[in-house]
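Asks:
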Amino acid sequence: MSEASPAKAYALHLGVIALLFVLSLLLPEYYHGLLARIMVLAVFAMGYNMLFGYVGLLSLGHAMFFAAGLYGAGLAIIQFDWSVPLAFLGGIACGAVLAMVIGLLALRTTGVAFMIVTMMFAQVFYLLILYFATWTGGDQGMVVPQPARVLSLGATSLELTNPTVRYMTALGLFSIVLLVTLAIVRSRYGRVLVAIRENEERTKMLGYDTFSNKLAAVVISGTICAASGAAYALLFGYVGSSFASVQYSILPLLWVLLGGAATTLGPLIGTLFMYYVIDVTSGYTSAYLLIVGIALILLVLFFPKGILGSIRQRWLEWLP
Amino acid sequence: MADKNGFFDLSKTTLTRRTALKGLAAGAGLAVAPGFVRYSQAQSSAPIKIGFQSHRTGIGAAYGRWYEKTTAAAVKAINAAGGINGRQVEVIIEDDGTDPGRGAEVVGKFATQHKTDIVFGTLFSHVVIGSAPAAGENKMPYFVVSEGHHVASTKLNRYVFQPGITDVKSQIQSMAPWIAANAGKKVTQIFPDFAFGYDHRDYLPPALKAQGAEVIAQIAIPPTESSFTKYFPQIPAETEVIYHVMVGPAVLTFVKELGEFYGSNRPQLFGFIDSLEATDINSPGLEFLDGSHFWEGSPRYAQANDSEAQKAYRAAVGIDDNGAAVGDPKDVSTAAHMFGCWETLYVVKKAMEDAGYKGPEDRAKLVEATEALTEFAEGPEHPQGPKTFNGKIHQCFGIQNISKVEGGKLKVVHKTKIEDGLYEAEGDYTTQAL
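Same order as they appear, the protein sequences are chains A and B.
Quick note on the numbering used here: the first sequence kicks off at 1 and runs consecutively.
Quick note on the numbering used here: the second sequence kicks off at 1001 and runs consecutively.
1) Taking A:W135 as part of the alpha helix (DSSP H), name the residues at either end of that continuous run.
2) Classify A:K8 as helix, strand or coil using the three-state DSSP reduction.
3) Nearest chain B C-beta to A:L296 closer than 8 Å, yes or no?
4) In this structure, does DSSP put A:F302 in helix, strand or coil?
5) Do B:G1356 and B:A1372 have their beta-carbon atoms positioned less than 8 Å apart in this structure?
6) Check whether the Cβ atoms of B:F1161 and B:F1143 lie closer than 8 Å to each other.
7) Could you work out which residues of chain A lie near B:I1129, taking near to mean beta carbons separated by less than 9 Å?
8) At 9 Å on the CB atoms, spell out the chain A contacts of B:K1155, in chain order.
9) For the stretch 1132 to 1159 of chain B, list every residue whose C-beta sits within 8 Å of some C-beta in chain A, in sequence order.
10) Find the nearest neighbour of B:G1385 within the set B:H1394, B:Q1400 and B:T1374, judged by alpha-carbon distance.
11) Note down the Cα distance separating B:K989 from A:L234, rounded to an integer number of angstroms.
12) Consult DSSP for A:R191 and reduce its assignment to one of helix, strand or coil.
13) Could you check the C-alpha separation between B:G1427 and A:I17 for me, to the nearest Å?
14) For the stretch 4 to 36 of chain A, enumerate the residues whose C-beta is nearer than 9 Å to any C-beta of chain B, in chain order.
15) Residues of chain B with CB closer than 9 Å to the CB of A:F243, please, in chain order.
16) Does the beta-carbon of A:A11 have 16 or more other beta-carbons within 10 angstroms, so that it is buried, or is it exposed?
17) Strictly below 7 Å CB to CB, what residues from chain E border B:A1104?
18) List the residues of chain B that A:T164 touches, going by C-beta distances under 7 Å, in chain order.
19) Does DSSP classify B:Q1395 as helix, strand or coil?
20) Take every Cβ of the stretch 266 to 280 of chain A, pair it with every Cβ of the stretch 182 to 194 of chain A, and state whether three or more of those distances are shorter than 8 Å.
21) Within the 8 Å Cβ cut-off, does A:S228 reach chain B?
22) Under a three-way DSSP split, which group does A:F80 fall into?
23) Using 8 Å as the limit for Cβ to Cβ distance, is A:S157 near chain B?
24) Report the rounded CA-to-CA distance for B:I1393 versus A:E159, giving the unit in angstroms.
25) Using alpha carbons as the reference points, say which of A:Y30, A:L128 and A:V40 lies closest to B:I1115.
26) Taking 8 Å as the threshold (C-beta atoms), are B:F1052 and B:G1097 in contact?
27) For the alpha helix (DSSP H) holding B:V1292, just list the boundary residues, first then last.
28) Around the C-beta of B:D1328, are 16 or more other C-beta atoms found within 10 angstroms, so that it is buried, or is it exposed?
29) Between which two residues does the alpha helix (DSSP H) harbouring B:E1371 extend?
30) Can you tell me which of A:N213, A:L253, A:V144 and A:L193 puts its alpha carbon nearest to the alpha carbon of A:A45?
31) Suppose you measure from the CA of A:G190 to the CA of A:P320; what does that come to, to the nearest Å?
32) For chain A, is any of its Cβ atoms less than 8 Å away from the one on B:Y1429?
33) Going along chain B in order, which residues have a C-beta closer than 9 Å to the C-beta of A:T387?
34) From B:D1167 to A:M64, what distance separates their C-alpha atoms?
35) I'd like to know whether the C-beta atoms of B:G1340 and B:S1333 end up nearer to each other than 8 Å.
36) Measure from the C-beta of B:A1033 to each C-beta in chain A and report whether the shortest distance is under 8 Å.
Printed below as a string of structure tokens:
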């Protein structure tokens, strides 16, 4: 991969953010709302990509980090009447702490064992949500009351249920995470992560503490996923155990694979693509998952590195 | 231009250019006028659009299919009788995958893309709860057919209604007097260890206590369990009634293993038919249920004393005397619940007519008109039975059926009264802003 000048890379990413801003003015109402949701879930995929794409650790349990943010923020409001910003931070903190604990335990394994261990922890987390149904609402979940979803900024208060506020909040979160991700992967630390992915033994031999670096990556990844979950609870008002199920551990993997692992913009492309394929095909047939499956197979056959990964490989080698 | 005798004299008439132009203009106006008339008619006679949030895929697919059939039959009947406010009804279906996340997106799609007048038809509780915020934010009347207590708990919002099927709290409460009087006083509950089971865990003991009976053991079974034998020794020996509400594919194993555990000398069995909706009661392994009793919202099997309305409803939906699809005896319906779609659509019709509903700008009026409803008489529009409606909690109350498995069929042996299922309101939606 040839190196892009910082200006070029940041210009591209700022351009994407600007495009998303302009789209908010142009899109029809339905797609406007859908894109807000996609941006929040793309943050989830970006968090997943941090670990899978750049460190090469395939987790099958990231739903627990998303759900930690979702429940952390949701319960803070529902059970403790916290304000929106505090609840959001609370959700992120839950994800960060959980990621630290899971990282310390799961990173003792690698490869297939890492997949299984993360999946088992996520399953435990999911069952705990069902077990403590009195507080979590169990499998039915809970509604975050509409009057509580208001962001007070001094004298101004912004209703997160307002489509424009919701879109801009989602865009804000997406932009911050995108730029932070870009900064991380371009930093020395980001290069160490890639080195670990390519050859962990050699990286160790060069004197790097690979365990600490991987642990930091798990925490960063888990924190970003939790931010996505917390935002989801606050922006869309529902906290439910289905978001902690194995399906939501596999979805970010698919989004990242589709968009291009180890590309900063791939998660957005993958999430966007998958959402629109489902949205359009489900209007025609109840067998839409079959179509999604065929689309995935075709992509893997012809674009094995995902959409952006393949574009980078063939045409734009500088893409971060 | 009349002459002095009052008659037209065409010979004296002069046709000036101005007069000709006036005439042409008037003629053109007349020629165009029918177009305007047609246009204004099109505005008022455009179909009422109902967004049907269907469980076409996912765990609720068996229910979703029958909910669609019942809805299609009801819409056909409503349209044949002139529609709603003289407008035909059009149903637009979107699959929610029985997933709450997708459910919320589907409600958003109905509101902002299809621009439907209402959203209707959701069954699974987690999808209802997940979709309710989207309905409230879009100010979209959301008529669910779920039987969950979530609507009546007043924890959702003012736009969510359940006027066509009773909620599980009311159902359980209605069962208690019959169980205590006919099945036994010492009851052991076996239920799945998640929310559907918790409703039964929480509501049955006080309801039985009020009838002089008691729950002597509660056995929660984890949803991941596939074999149940190890739980049966926990059933106290003095148990007179086993109250079971297992759901999903495991129910066949559960019944088979319970049969093997007890043999012919078993306590009374009472269950909720939810476990066996869309499942043939004569499936291998279910023989042990012979002689046991079930709750049914609406009877699956045709009964000797069925009303004309019930007969007409069954014919319209296309189910035979065994509750299976006409022409396909293996395609067993979800009869105990799906009547709720039929009845809900007639409630929507009544509320829209009361509100003089013209379009989405009248959604708030529709909400208020629905809240103002108080009772629904038994008849073609409400074939399951009479109901009352509490506008403060957006929930209807009705009769329940207790059926006995006899000779491979379910025979209704008792019908409860509406009053049996009434309870204290837990809140008041009407205090919320529209």
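C-beta atoms are modelled at their ideal positions from N, C-alpha and C, and glycine is treated no differently.
Please read these numbers as outputs of a predicted model, since none were measured by experiment.
Replies: On the basis of the data shown:
1) Working through the first sequence from its first residue, we reach residue 135 of chain A at position 135. Where A:W135 is concerned, the enclosing alpha helix (DSSP H) stretches over A133 to T136.
2) The residue labelled residue 8 of chain A in the question sits at position 8 within the first sequence. In the three-state DSSP reduction, A:K8 falls in the helix class (H, G or I).
3) For this step, residue 296 of chain A is matched to residue 296 along the first sequence. No, no contact with chain B.
4) Numbered from its first residue, the first sequence carries residue 302 of chain A at position 302. In the structure shown, A:F302 sits in a helix (DSSP, three-state: H, G or I).
5) Taking the first residue of the second sequence as position 1, residue 1372 of chain B is located at position 372. Taking the first residue of the second sequence as position 1, residue 1356 of chain B is located at position 356. Their beta carbons are not under 8 Å apart, which means B:A1372 does not touch B:G1356 by this criterion.
6) Along the second sequence, read from residue 1 onward, the residue named residue 1161 of chain B stands at position 161. Along the second sequence, read from residue 1 onward, the residue named residue 1143 of chain B stands at position 143. For the 8 Å CB-CB criterion, B:F1161 and B:F1143 form a contact.
7) On the second sequence, position 129 is the one that residue 1129 of chain B refers to. Listed along chain A, the residues sitting closer than 9 Å to B:I1129 by beta-carbon distance are G137, Q140, G141, M142, V143, Y238 and G240.
8) Position 155 of the second sequence holds residue 1155 of chain B. Neighbours of B:K1155 on chain A, chain order: M142, V143 and P145.
9) Residues of the stretch 1132 to 1159 of chain B with a C-beta less than 8 Å from any C-beta of chain A: A1132, P1133, A1134, G1136, E1137, G1148, H1150, K1155, L1156 and N1157, listed in chain order.
10) Counting from one through the second sequence, the residue named residue 1385 of chain B turns up at place 385. Among B:H1394, B:Q1400 and B:T1374, the Cα nearest to that of B:G1385 belongs to B:Q1400.
11) Past the edges of chain B, shown from 1001 to 1434, lies residue 989 of chain B, and the structure says nothing about it.
12) Taking the first residue of the first sequence as position 1, residue 191 of chain A is located at position 191. Helix, per DSSP.
13) Position 427 of the second sequence, counting from 1, holds the residue named residue 1427 of chain B. Position 17 of the first sequence, counting from 1, holds the residue named residue 17 of chain A. One C-alpha to the other measures close to 45 Å.
14) With the criterion set as a beta carbon lying under 9 Å from some beta carbon of chain B, the members of the stretch 4 to 36 of chain A are P28, E29, Y30, Y31, H32, G33 and L34, in sequence order.
15) For this step, residue 243 of chain A is matched to residue 243 along the first sequence. Within chain B, the residues P1100 and G1101 have their CB atoms less than 9 Å from the CB of A:F243, given in chain order.
16) Taking the first sequence and counting its residues from 1, the one referred to as residue 11 of chain A is at position 11. Looking at its Cβ environment, which holds fewer than 16 other Cβ atoms inside 10 Å, A:A11 is exposed.
17) Structure shown: chain E not included; protein chains present are A and B.
18) One-based indexing of the first sequence puts residue 164 of chain A at position 164. None at all; the shortest Cβ gap to chain B is about 13 Å.
19) Within the second sequence, residue 1395 of chain B is the residue found at index 395, counting from 1. It is a strand residue.
20) At 8 Å Cβ cutoff, the stretches do not touch.
21) Here residue 228 of chain A refers to the residue found at position 228 of the first sequence. By this cut-off, A:S228 is not an interface position.
22) Walking along the first sequence from the start, residue 80 of chain A turns up at place 80. Under the three-state reduction of DSSP, A:F80 is assigned to coil, being neither helix nor strand.
23) To locate residue 157 of chain A, count along the first sequence from 1; it is residue 157. For A:S157, the closest Cβ of chain B is not nearer than 8 Å.
24) The sequence position of residue 1393 of chain B within the second sequence is 393, counting from 1. The sequence position of residue 159 of chain A within the first sequence is 159, counting from 1. The straight-line gap from Cα to Cα measures roughly 26 Å.
25) As a working mapping, residue 1115 of chain B is identified with position 115 in the second sequence. According to the sequence as given, residue 1115 of chain B is Lys; it is not Ile. Out of A:Y30, A:L128 and A:V40, A:Y30 has the C-alpha closest to the C-alpha of B:K1115.
26) Position 97 of the second sequence, counted from the first residue, corresponds to residue 1097 of chain B. Position 52 of the second sequence, counted from the first residue, corresponds to residue 1052 of chain B. The answer is no: Cβ separation not under 8 Å.
27) Sequence index remark: in the second sequence, residue 1292 of chain B carries index 292 (1-based). In the sequence under discussion, the amino acid at residue 1292 of chain B is Ser, which differs from the Val named in the question. Unbroken run through B:S1292: none, as it is neither H nor E.
28) As a working mapping, residue 1328 of chain B is identified with position 328 in the second sequence. Exposed, since its Cβ has fewer than 16 Cβ neighbours within 10 Å.
29) One-based indexing of the second sequence puts residue 1371 of chain B at position 371. Where B:E1371 is concerned, the enclosing alpha helix (DSSP H) stretches over R1363 to E1371.
30) Looking up residue 45 of chain A in the first sequence gives position 45. The shortest CA-to-CA distance from A:A45 to any of A:N213, A:L253, A:V144 and A:L193 is the one to A:L253.
31) As a working mapping, residue 190 of chain A is identified with position 190 in the first sequence. As a working mapping, residue 320 of chain A is identified with position 320 in the first sequence. Between A:G190 and A:P320, the C-alpha separation is close to 11 Å.
32) In the second sequence, residue 1429 of chain B corresponds to position 429, counting from 1. No, no contact with chain A.
33) Lying before the first or after the last residue shown, residue 387 of chain A is absent from chain A, which here runs from 1 to 320.
34) Taking the second sequence and counting its residues from 1, one reaches residue 1167 of chain B at position 167. Taking the first sequence and counting its residues from 1, one reaches residue 64 of chain A at position 64. B:D1167 and A:M64 have their C-alpha atoms spaced approximately 32 Å apart.
35) Here the question's residue 1340 of chain B lines up with position 340 in the second sequence. Here the question's residue 1333 of chain B lines up with position 333 in the second sequence. Between B:G1340 and B:S1333, the C-beta gap is not smaller than 8 Å, which leaves the two residues out of contact.
36) Position 33 of the second sequence, counted from the first residue, corresponds to residue 1033 of chain B. A caution first: B:A1033 carries a pLDDT of 48, below 50, which makes its placement in the model too unreliable to give a value.
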